[in-house]
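Structure, as structure tokens:
Residue numbers (my numbering), protein chains in the order written: chain A, 103 to 483; chain B, 766 to 1363.
This is the structure:
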């Protein structure tokens, strides 16, 4: 049976981080958009999609609760949501990840998640410098991050930590210190994201006003390369531009995205790629709830992906993986030889030394890795 | 109409002194157009002309006027362009007239082009009627304008007609002055035909249409006419006048102005300045024609997308039909591929052609920095005309190089004399003369290299005099200068389209500034790109574009692939606007960067 990836979006946070432009709302227990009301809608969507999956003969092999901050849900609400996943989705012992923030996690909640089938936690640690954490608008400190990790370690076979690089005032030495500390804890998986200033965030305004100084391009590159080298020396495989894993602990859910496989996204503003169509759910809470209450799916923007676009997406996403894109997989998927379809692009990128090919794969070179956008963009026609 | 009731006249003025508005009022007052047909500045037909408030192409119109003496007069108004680039066209229209209205802004007084135009009118022995316009402005100073007329030009201030073209004040007086003061045309109507072609345009249905002033004889439909320059014979199918729309009249007699359609397929056969005569009873000699307008400024036009090459050629051909002053020939650049080296009367002319190509023909262009034509003498005595810096021979082969010099006239309030002198000196100007127009305004005459004017003289003059200076120039000839070619090397390879010619003393400074400007303009590439400026083998400046360090999107936008794609597509679109030379991607504006230094 074909495996399927399912994503559930929980659009609530205690507070908005200064750099974040994801769809999330402050968590409140009153008003017209509470977590309880939202979950009613989400469970309805879950029921509809679950039935579809079953009738299509699909199994859910990865399930990912992201946000927002899923762990802001009250334990009874979380329990209800997870039970509904069991009830409606054709789960086939999936990799089941929940995103959590150190400040929002309790021993009881952790036990409950593990008991209900969650086997992977992604902890938003970001940094171990309390001052920088506070200036980013994060609500936890380094001590809480470590406690949260220790708690999770005992309950989940795979714990991933999200860390940030290229933060205001951060040096590569400081980043390495942070990496050294978290490696000592021994997580199975690490994601290291470079801070990106998104329009419309508080951070963007601070940068524009000159209140916040970002490290320069050279320093950012040093962070990336030194961080990579360090993590590899500690036994983590660099398998995607921003992701590192101990053997057997790569994030299967995210691999679905990168290998341009179909997935279903449920919840407010969630994205899906399913049967050749990409769509986004409505981003408006009221529409989301009313449509589902009326038994309708809350799909908003929808586009059919042409074969050309699918081939481009396969390159743009697949080259994020250090293994690269397999010629055989491409041939099987599209019935065409990747090297012929993108002959010119590959020649050009090879002349720049940005990609390399072997018998089976095309991948980013060491030189291409830090400037991968140049490579990705080349494949878009 | 009898010749004694015909008046042929032009309007000449410095830019912005109200020439087109006055022309519109004359049309309105004589009922040539109904109020409904009037759009602002009727005679400026090109969109660009209306937008920029300038006249580019000359136009002609016939006005029927019932004068106060009870007689009806035919007034042929030939509108003229108002920019120094188009002096040549002004001269053409003046040759078809007996009189000119000299419009002076009552608030501004006499400006550089006022004088230039007066001299042209005097060369053609025209009766000049001064018109002091914009007298409704609070800042108008009619007495001062009159004094300037007397002291600077030598016309009686009392003869000036006072108008406000904007409000319509004084328009009748202008029409009466034309009737009373402009001489009626003379010319034997029974004599063999001589008609001067003063303009022409191409109509895709009727072919080339000649705009003519009949000097002697009569022109009628079905007549076999002969072009005196090449002897070609055509049969006239339609004759008419401009009202201002083309209106068929069936004939034109000596003294009159109108158009001729004669199945001329090639616009070259209605060459401006040629004389039309009758095939079976030709005139003995042609009228004095015009000198061909020689392009003063050249630049390369390249299609940003090389697939547009043929479209660009077609568009240039079409523009050329109605603009004989535009020249173009194919050229190839190693950096930019196939394009055209185009010649223009001046910078404004160049900008207008560029804008028309982009707007009317929707061709995205890469334009190289404009340059003048250099005369290079080789050691073996051979003389070369260099219209592209790339073609300048190496210094070792050169005996000498000469460049065009102009006589520049700047008129400014005396507070700015120091600033303007400083600017002219900086631009290698040679002081010739300084005169006070009155107690507050000064004329400076400098001789300077045209190439310096092509650079940024206009902009600098404007900024250093807060827009109070006016400027005009005319070519005075070629002079030897110590000129060198500066090449720009990117990643070790010379980029031909970036080469420029500069005076030896300034070459190093300009080379350094251009290299530094290019470092700003060219985005970081995958590898380090050295920029060098060199004279021959000698490197005079060096800069480095650092390699792109980090350009990768780490963030995982969940399953939002569309967002990732959009970010990358934006990056890709930026790249498409660049020209790839070797492995280096160069943005379009880099090819004009040499203009924005100094």
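A virtual CB, placed ideally from N, CA and C, is assigned to each residue, including glycine. Because the structure is a prediction, the values reported are computed rather than measured.
With a Cβ-Cβ cutoff of 8 Å, do residue i and residue j count as a contact?
i                       : j                       : result
residue 939 of chain B  : residue 932 of chain B  : no
residue 867 of chain B  : residue 893 of chain B  : yes
residue 857 of chain B  : residue 1181 of chain B : no
residue 1219 of chain B : residue 1062 of chain B : yes
residue 1168 of chain B : residue 1214 of chain B : yes
residue 218 of chain A  : residue 181 of chain A  : yes
residue 162 of chain A  : residue 106 of chain A  : yes
residue 336 of chain A  : residue 290 of chain A  : no
residue 1165 of chain B : residue 1245 of chain B : yes
residue 342 of chain A  : residue 422 of chain A  : yes
residue 1130 of chain B : residue 1080 of chain B : no
residue 419 of chain A  : residue 359 of chain A  : yes
residue 1291 of chain B : residue 456 of chain A  : yes
residue 209 of chain A  : residue 253 of chain A  : yes
residue 922 of chain B  : residue 911 of chain B  : yes
residue 1316 of chain B : residue 454 of chain A  : no
residue 171 of chain A  : residue 221 of chain A  : no
residue 978 of chain B  : residue 861 of chain B  : yes
What residues match up with residue i in a beta bridge as DSSP calls it?
i                       : result
residue 206 of chain A  : Answer by DSSP bridge pairing: none, since residue 206 of chain A is not bridged.
residue 1046 of chain B : DSSP lists no partner for residue 1046 of chain B.
residue 187 of chain A  : DSSP output for residue 187 of chain A lists no bridge partner at all.
residue 197 of chain A  : A:164
residue 109 of chain A  : A:166, A:367
residue 842 of chain B  : B:774, B:826
residue 1149 of chain B : B:1141
residue 1206 of chain B : B:1178
Considering only the alpha carbon of each residue, which of the options lies closest to residue i?
i                       : options                        : result
residue 1297 of chain B : B:1281, B:1289, B:1286         : B:1281
residue 1037 of chain B : B:1158, B:1146, B:1087         : B:1087
residue 340 of chain A  : A:294, A:146, A:310            : A:294
residue 958 of chain B  : B:1019, B:774, B:987           : B:1019
residue 277 of chain A  : A:396, A:477, A:228            : A:228
residue 1108 of chain B : B:1101, B:1096, B:1045, B:1100 : B:1096
residue 877 of chain B  : B:1210, B:1229, B:1006, B:1319 : B:1210
residue 460 of chain A  : A:425, A:470, A:454            : A:425
residue 458 of chain A  : A:216, A:436, A:428            : A:428
residue 793 of chain B  : B:936, B:1090, B:1271, B:1349  : B:936
residue 963 of chain B  : B:843, B:999, B:906, B:950     : B:843
residue 863 of chain B  : B:898, B:1309, B:947           : B:947
residue 115 of chain A  : A:174, A:300, A:271, A:139     : A:174
residue 1047 of chain B : B:1004, B:1072, B:1064, B:998  : B:998
residue 285 of chain A  : A:262, A:483, A:462, A:267     : A:262
Given the structure, does residue i come close to the ligand NAP, in the sense that its CB is under 7 Å from one of the ligand's heavy atoms?
i                       : result
residue 1331 of chain B : The model depicted lacks the ligand NAP and carries no ligand whatsoever.
Which of the three DSSP states, helix, strand or coil, is assigned to residue i?
i                       : result
residue 124 of chain A  : coil
residue 964 of chain B  : strand
residue 355 of chain A  : helix
residue 1360 of chain B : helix
residue 969 of chain B  : coil
residue 1265 of chain B : strand
residue 1134 of chain B : coil
residue 1159 of chain B : coil
residue 1344 of chain B : strand
residue 833 of chain B  : coil
residue 476 of chain A  : helix
residue 219 of chain A  : coil
residue 445 of chain A  : helix
residue 1106 of chain B : strand
residue 1252 of chain B : strand
Looking at chain B, which residues of the segment 373-390 of chain A have a Cβ within less than 9 Å of any of its Cβ atoms?
-> Against chain B - using a Cβ distance shorter than 9 Å - the residues of the segment 373-390 of chain A are 373, 374, 375, 380, 382.
Mind listing which residues of the segment 461-477 of chain A have their C-beta closer than 7 Å to chain B's C-betas, in chain order?
-> Those would be 472, 473, 474, 475, 476, in chain order.
Cβ-based contacts, 7 Å cut-off: residues of the segment 297-320 of chain A near chain B | Contact annotation: in the segment 297-320 of chain A, residues whose CB is within less than 7 Å of a CB in chain B are 298, 319, 320.
Residues from the segment 282-295 of chain A in contact with chain B, defined by Cβ distance under 8 Å = Along the segment 282-295 of chain A, the positions whose C-beta sits under 8 Å from a C-beta of chain B are 293, 294, 295, read in chain order.
Near-chain A residues of the segment 1251-1272 of chain B (beta-carbon distance less than 9 Å), N- to C-terminal order | Answer set for the segment 1251-1272 of chain B: empty.
Taking Cβ-Cβ distances below 9 Å as the criterion, which residues of the segment 1305-1333 of chain B are in contact with chain A?
-> Answer set for the segment 1305-1333 of chain B: 1311, 1312, 1313, 1314, 1315, 1316, 1317, 1318, 1319, 1320, 1321, 1322, 1323, 1324, 1325, 1326, 1327, 1328, 1329, 1330, 1332, 1333.
Listed from N- to C-terminal order along the chain, which residues in the segment 317-346 of chain A have their beta-carbon within a distance smaller than 7 Å of any beta-carbon of chain B?
-> Sequence-ordered contacts of the segment 317-346 of chain A with chain B read 319, 320, 322, 323, 326, 343, 344 [C-beta pairs closer than 7 Å].
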